[in-house]
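Residues in the sequence shown are numbered from 1 upward in steps of one, following UniProt numbering.
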Amino acid sequence: MGIYLTDIYTIGHITSGAIGYYLLKKKNVSLRNNFLIANIFHLFLELLEHSKDPNGKILETNINHFTDILGFFGGWYVAMYVKIEKFIPDYMTVFVWIYIIIITCTEINRELFPYNNGILKGAFMDS
Numbered sequence: 001m002g003i004y005l006t007d008i009y010t011i012g013h014i015t016s017g018a019i020g021y022y023l024l025k026k027k028n029v030s031l032r033n034n035f036l037i038a039n040i041f042h043l044f045l046e047l048l049e050h051s052k053d054p055n056g057k058i059l060e061t062n063i064n065h066f067t068d069i070l071g072f073f074g075g076w077y078v079a080m081y082v083k084i085e086k087f088i089p090d091y092m093t094v095f096v097w098i099y100i101i102i103i104t105c106t107e108i109n110r111e112l113f114p115y116n117n118g119i120l121k122g123a124f125m126d127s
């Protein structure tokens, strides 16, 4: 959601990558499948995003898409490297699931309904 190399959402991509690793690790998904599931799902969401509004205004550049993908992978990799699951108590897992579900549903809603002007603003309503 940006036109620069990085933006405020870069932090969210890094965090989401770490969360993706953590949640799949807690489900005993193999490292290979964890990597594939998390990163391919994120790539799908990134491809779903609108790059331009109907008037041609650029909402997100290709370089920003790339750094979003790289940031997600970086968060995933760091979480795997430091074994983030050791630092998050088991009772927090349900809250992490709730958080990632809300964030993901909000993002999907934003892109699938770009003209939505309700509580959840569509992609074209911010431009």
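Backbone N, C-alpha and C define an ideal beta-carbon position, used for all residues, glycine too.
Computed from a predicted structure; not experimentally measured.
Select from the options the residue whose C-alpha is nearest the C-alpha of residue i.
i: histidine 42; options: Phe73, Thr61 and Tyr22; result: Phe73
i: isoleucine 8; options: Leu23, Gly71, Lys26 and Asn62; result: Gly71
i: isoleucine 103; options: Lys52, His13 and Lys25; result: His13
i: residue 129; options: Gly2, Leu45, Tyr77 and Phe66; result: The first residue shown for the chain is 1 and the last is 127, placing residue 129 beyond what the model contains.
i: leucine 45; options: Asn28, Asn109 and Ile119; result: Asn109
i: isoleucine 101; options: Leu5, His65 and Leu23; result: Leu23
For residue i, count neighbouring C-beta atoms within 10 Å of its own C-beta (all shown protein chains included) and say buried if the count is 16 or more, exposed if not.
i: phenylalanine 124; result: buried
i: aspartate 90; result: exposed
i: isoleucine 19; result: buried
For residue i, which three-state DSSP category applies?
i: asparagine 116; result: coil
i: isoleucine 52; result: For the record, residue 52 in the displayed sequence is lysine; it is not isoleucine. Of the three classes helix, strand and coil, the one that applies to lysine 52 here is strand, per DSSP.
i: lysine 26; result: helix
i: lysine 121; result: strand
i: isoleucine 88; result: coil
i: isoleucine 37; result: helix
i: isoleucine 58; result: strand
Under 7 Å: does the beta carbon of residue i sit that close to some heavy atom of the ligand PLP?
i: methionine 92; result: This structure does not include the ligand PLP; it has no bound ligands of any sort.
Item to complete: Inspect the CB distances between the region 29-37 and the region 85-95 and report whether three or more fall short of 8 Å.
Response: No, the region 29-37 is not in contact with the region 85-95.
Discussion item. Between the region 74-88 and the region 53-66, can you find at least three pairs of beta-carbon atoms closer than 8 Å?
Written reply: Contact between the region 53-66 and the region 74-88 is absent, because fewer than three Cβ pairs lie under 8 Å.
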